[in-house]
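Step one of this worksheet: look at the structure below.
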Amino acid sequence: MSLPNLAIDPARLWDTIMDTAKIGGTAKGGIKRLTLTELDAEVRRWFIAACEEAGCTVTIDDMGNIFARRPGRDNSLPPIAIGSHLDTQPTGGKYDGIIGVLSGLELLRTLRDAGYETTHPIEVIDWTNEEGSRFAPAMLSSGVFGGQFTRDWAYAREDRDGVRFGDALTEIGFVGEEPCGQHPLAAHFELHIEQGPILEAEDRVIGVVTGVQGMRWYEVTVTGNDSHAGSTPMPLRHDALLAAARMIEAVHQIAIRNAPDAVGTVGLIEARPNSRNVIPGEVFFTVDFRHPDDAVLASMEQALHAALSGIAEASAVTHAVSCIWNSPAVRFDAECIGAVRHAAEQGGFPHRDIISGAGHDSAYVAAVAPTSMIFVPCARGISHNELESAEPEHVAAGANVLLQAVLAMDSTLVERARA
Ligand SMILES: [Zn+2]
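Throughout the sequence shown, residue numbering follows this note's numbering, covering 263 to 681 in sequence.
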């Protein structure tokens, strides 16, 4: 299939990214624009005005998700959507989520300037609270949209000051009338920085994202006996920290045994009483396992239980472990993936298939609409950091792939309906 001779305006896209980065911009060149704050409201109002200027009508649902709609030839059809998020981490960068929404805006402007008419309406979506930094969990509103959470449960989430999500949403004036999830989409595409080092290391410009890996989080408490570091002989100790050290090594080995796709991390540890001359009596630590295949994750979980039990017994301590989060692996839609891959090939961009290591709005939207994602490199894989950086030509390449994938999907769906 040949693709329409259309391209986005790279300078206009880059200027838009840099201009909006001033809303919540930090001295170190990042953005602090936490969800449902006045700064979030400011960028939302800017986004709505920019989309209306590009010929869109805007609706908002009762989770504050914003849908900017450019009409198509047949407005009885569900829209082809482009979505991501404009909220950031407290020390966020200028690109995470933002390039996905602003590339959508650039696509609207490109279609307007060319007078190009799609058959399906096109919508650009700003999903509320992707980051989960102020209100946990992450991807809260795309999660309600995709049926993962109920609206009322989401409304009851509280930030550290005890402010409810629902009240914060009301406060900034973004409770829309449409019930979240009552908004059929023909397809959903998301452009995002990779947030990992693979594309940069391989000199590729486009990641054709085929899915999001499964994630499981555990909490482990190891219990031994506090006692004097000088007067307790080695064979008589019940050292919870020593046992935990062996367990951490076991977590590492379980991930290594399931290489190359598995990762395992102990990122948080607390030892008590945490005193230099006391044998630690209790240790708490977390485990984060990820893999693209849920069956492998299940076997990693079994291996974790076996390793922890064996080590606890050998170390003369007891332990308790619980799984506190299980996010299954997501496989994106084959047709959407194909549209992205074809657009990357036709554009002459070096590309590879890739699985997302991080969660994204698209992971939840995929439950209710054919979905896929496009990754572009970010410097040294750094994100959730003010140093986050992406090359203008990579962002432009991603936006052009997005444009062509959306237009190809529009044609494909129309041809199928005719056949
Ligand atoms: Zn993001």
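Ideal placement from N, C-alpha and C gives every residue a C-beta, glycine not left out.
Rounded to whole angstroms, what's the CA-CA distance from Thr483 to Leu559? Just pull it up for me. 21 Å
Report the residue from Ser346, Pro352, Ala312 whose alpha carbon sits nearest the alpha carbon of Thr288. Pro352
Contact set for Val545: own chain, Cβ-Cβ below 6 Å, skip 5 residues either direction: Val484, Ala502, Leu503, Ala506, Ala533
Enumerate in chain order the residues of its own chain whose CB-to-CB distance from Arg603 is below 6 Å, with the five nearest sequence positions on each side excluded. Val470
7 Å Cβ shell around Gly458 - same chain, five flanking residues per side excluded: Gly619, Gly643
Evaluate Arg396 with the Cβ neighbour count: other Cβ atoms within 10 Å of its Cβ, from every protein chain shown; 16 or more gives buried, anything less gives exposed. buried
So what does DSSP say about Phe436, is it helix, strand or coil? coil
Trp415: buried (16+ other C-beta within 10 angstroms of its C-beta) or exposed? exposed
Following the continuous beta strand (DSSP E) through Thr633, name the residue where it begins and the one where it ends. 633-638
My guess is that Leu675 and Ala448 are in contact by the Cβ rule of under 8 Å, so how many angstroms apart are they, rounded? Between the beta-carbon of Leu675 and that of Ala448 there is about 6 Å, and that keeps the pair under the 8 Å contact cut.
Whole-number beta carbon distance between Ile468 and Val663, since they are thought to touch under 8 Å: 6 Å
Under 5 Å, CB to any heavy atom of ligand 1. Which residues pass, going along the chain? Asp358, Gly359
For His454 versus Gly366, is the C-beta distance shorter than 8 Å? Not closer than 8 Å, so no.
Three or more C-beta pairs closer than 8 Å, one from the segment 572-587 and one from the segment 614-633: is that the case here? Flag = no, the segment 572-587 and the segment 614-633 do not touch.
Touch check for the segment 430-443 and the segment 310-327: three-plus C-beta pairs under 8 Å? yes
Find out if the Cβ-Cβ distance for the pair Ile293, Gly355 is shorter than 8 Å. yes
Beta bridge counterpart(s) of His490 as assigned by DSSP: Beta-bridge pairing links His490 to Val540.
Quick one: Cα of Thr297 to Cα of Tyr417, how far? Their backbone Cα atoms lie some 13 Å apart in a straight line.
Out of Met671, Pro639, Glu648, which has the shortest C-alpha to C-alpha gap to His656? Pro639
Could you spell out the range, first to last residue, of the alpha helix (DSSP H) harbouring Trp308? Residues 300-315.
Report the option in Asn337, Ile518, Gln444 whose CA atom is closest to the CA atom of Cys318. Asn337
C-beta contact flag for Glu408 and Ala591 at 8 Å: In the sequence under discussion, the amino acid at residue 408 is Gly, which differs from the Glu named in the question. Cβ distance not < 8 Å, so Gly408 and Ala591 don't count as in contact.
Option nearest Thr412 by Cα separation, candidates Met280, Ala524, Gln444: The shortest Cα separation from Thr412 among Met280, Ala524, Gln444 belongs to Gln444.
Nearest candidate by alpha-carbon position, reference Asp375, set Asp556, Arg332, Ile516: Arg332
From Leu268 to Ala681, what distance separates their C-alpha atoms? 27 Å
Any beta strand (DSSP E) of 3 or more consecutive residues that is wholly inside the segment 578-637: 580-589, 613-618
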